[in-house]
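These notes are about the structure you will find just below.
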Amino acid sequence: MNSLREGDLDVPLMEEEVLVVKEGAVMSFNFHRSLYERLVKPLLSILQPRCVEERGERVVLR
Numbered sequence: 000m001n002s003l004r005e006g007d008l009d010v011p012l013m014e015e016e017v018l019v020v021k022e023g024a025v026m027s028f029n030f031h032r033s034l035y036e037r038l039v040k041p042l043l044s045i046l047q048p049r050c051v052e053e054r055g056e057r058v059v060l061r
């Protein structure tokens, strides 16, 4: 089984795809910016992510 590492989050993804990576007890969610703006950003106060990182057209939540 292949496991994803930190650098693997930079792979090109389709606009509606979400990449979910679990590393131990930490989960990362990698969204396209348009999907993030539409569905995730309005819920940030409820989700309370530890980190929101913008990477070009992608947004990563941890």
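Numbering that gives the first Met the number 0 applies: residue 0 is where the sequence shown begins, and numbers increase by one.
Every residue, glycine too, gets a C-beta built ideally from N, C-alpha and C.
Every value quoted in this text rests on a predicted model; they were computed, and no experiment measured them.
Same chain, Cβ closer than 7 Å to residue i, neighbours up to 5 away in sequence not counted
i: Lys21; result: none
i: Glu56; result: His31, Arg32
Status (buried if at least 16 other CB within 10 Å, exposed otherwise) for residue i
i: Val25; result: exposed
i: Asp37; result: As written in the sequence, residue 37 is Arg, which differs from the Asp given in the question. Under this definition Arg37 is an exposed residue.
i: Arg54; result: exposed
i: Cys50; result: exposed
Beta-ladder partner(s) of residue i, from DSSP
i: Glu22; result: Val25
i: Leu60; result: Phe28, Val51
i: Val17; result: Phe30
C-beta contact flag for residue i and residue j at 8 Å
i: Pro48; j: Leu60; result: yes
i: Val19; j: Phe30; result: no
Close Cβ partners of residue i (< 6 Å) along its chain, the five nearest in sequence each way excluded
i: Glu52; result: Val59
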